[in-house]
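Only one structure is covered here, and it is reproduced in the block below.
Protein chains: 2
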Amino acid sequence: MDQFVSRFTNRIDTKGRVSVPASFRTVLAKDGYDGIYCYPSLDAPALDAGGNRLVNKITDLVGELAPYSDEYDHLATALYGTSDILSVDQDGRTILPERLREHAGITNQVTFVGLGDKFQMWEPSKFEAHLAEAQQRVRDLRKLLGAGRPSGGPEGTRE
Amino acid sequence: MDQFVSRFTNRIDTKGRVSVPASFRTVLAKDGYDGIYCYPSLDAPALDAGGNRLVNKITDLVGELAPYSDEYDHLATALYGTSDILSVDQDGRTILPERLREHAGITNQVTFVGLGDKFQMWEPSKFEAHLAEAQQRVRDLRKLLGAGRPSGGPEGTRE
DNA sequence: TGGGATATCATGGGCGTCAATGGGAATAAC
DNA sequence: GTTATTCCCATTGACGCCCATGATATCCCA
């Protein structure tokens, strides 16, 4: 299945429209989703977005909870209640609602970031900071994983 | 399965195109991947590149993590968000995006280095320095391994 | 084993297409 | 009636397609 990869930064024009990157539109089309399912990221100043796979993942997540539990209410509110389905016009452009733009701090440019089954939309400078942190965290993780590797044979044998 | 082996240095022409080595293209074709999946190496001034095997490895890595965890977010950002799928034209050439060229310090030549399931792209002089260091590390490792080898039979027997 | 022919690969250039951007008009919604 | 959204079109630069050329590697024959 095609995935959302890479990242693009596009401008918001005077009418509030922004071009959805052509490769993301292609993935959405193959996914069979009309428009973009979108909600404020739970723990980042960004917007989570995608098509059917994102919707299915949310349905599965919410479906694992007891229907009348507090968790259910909270998660359903966060993932359904705050979301929008953005329309994409025939030129491949969409308009971000004011509420979503405010959450992400987006003013005149949007960075689209592919994350495999979904993508995120960021204010460009916020994303650069986030990326630096993510890369550092992954490097730290690799060091942790590397330390556990038997590549240092003698250490492994000694243990 | 065919592997990426050997290394080649090709020029970037005035249009920013570079020939992907024919043997690498053959491996990609047999792998069934259309284009080249490519992202900045996390710990080297180089680009990691490959086909389905590389993509599958990344998908497995990211798929092991809980969808809304911090680790998932960081890994997906670092591996999907910084990557590009490079198209390869019918003459076997590709164009490296500016962002990837800058990460690797590539200006007018690229060294393609086969690493089995994937390959890397380097600025030629950076690769030479990297190779010298890697060869020195291998010598050091062999010394270590040689000390632990059962070629000295008595040590092995004693355990 | 050496030389010649052939095929393949890397390189260079021109032309057409595509994607992002900008703007206007019409329609729908408030 | 006003504003927002959708539809339609044009422009420009980047990229893909197509072709040619030279160098190198491989193959075949004497």
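Which chain is which? The protein sequence lines are Z and F, in order.
Residue numbering for the first sequence follows the working numbering, starting at 1 and increasing by one per position.
Residue numbering for the second sequence follows the working numbering, starting at 1001 and increasing by one per position.
Where is the CB? At the ideal position from N, CA and C, for every residue including glycine.
Owing to the predicted nature of the structure, the values given are computational and were not obtained by experimental measurement.
Asked                                                                                                                                                  : Found
Any beta carbon of chain Z sitting closer than 7 Å to that of T1077 of chain F?                                                                        : yes
State the start and end residues of the unbroken beta strand (DSSP E) segment that holds S19 of chain Z.                                               : 17 to 19
Does any C-beta atom of chain F lie closer than 7 Å to the C-beta of S19 of chain Z?                                                                   : no
Buried or exposed: which applies to H74 of chain Z, given that a residue is buried once 16 or more other Cβ atoms fall within 10 Å of its Cβ?          : exposed
Is the CB-CB distance between G116 of chain Z and A1076 of chain F below 7 Å?                                                                          : yes
Under DSSP, the alpha helix (DSSP H) around A104 of chain Z begins and ends at which residues?                                                         : 98 to 104
Please tell me whether V20 of chain Z and G114 of chain Z are closer than 7 Å, where the distance is taken between their beta carbons.                 : no
Can you pull the chain F residues whose beta carbon is under 7 Å from the beta carbon of Q109 of chain Z, in chain order?                              : Those do not exist, as Q109 of chain Z stays about 16 Å from chain F at its closest Cβ, beyond 7 Å.
Return no unless some Cβ of chain Z is closer than 7 Å to the Cβ of L1042 of chain F.                                                                  : yes
What are the residues that DSSP puts in a beta bridge with G1032 of chain F?                                                                           : Its beta-bridge partners do not exist; DSSP assigns none.
Using a Cβ cut-off of 9 Å, pull out every chain Z residue sitting near I1012 of chain F, in sequence order please.                                     : Correct list: empty, because the minimum Cβ distance to chain Z is about 20 Å.
Can we say the stretch 1133 to 1144 of chain F touches the stretch 1023 to 1035 of chain F, given the rule of at least three CB pairs closer than 8 Å? : no
Restricting to Cα atoms, I'd like to know which of F:D1002, F:V1018, F:R1007, F:T1009 is closest to D1091 of chain F.                                  : F:V1018
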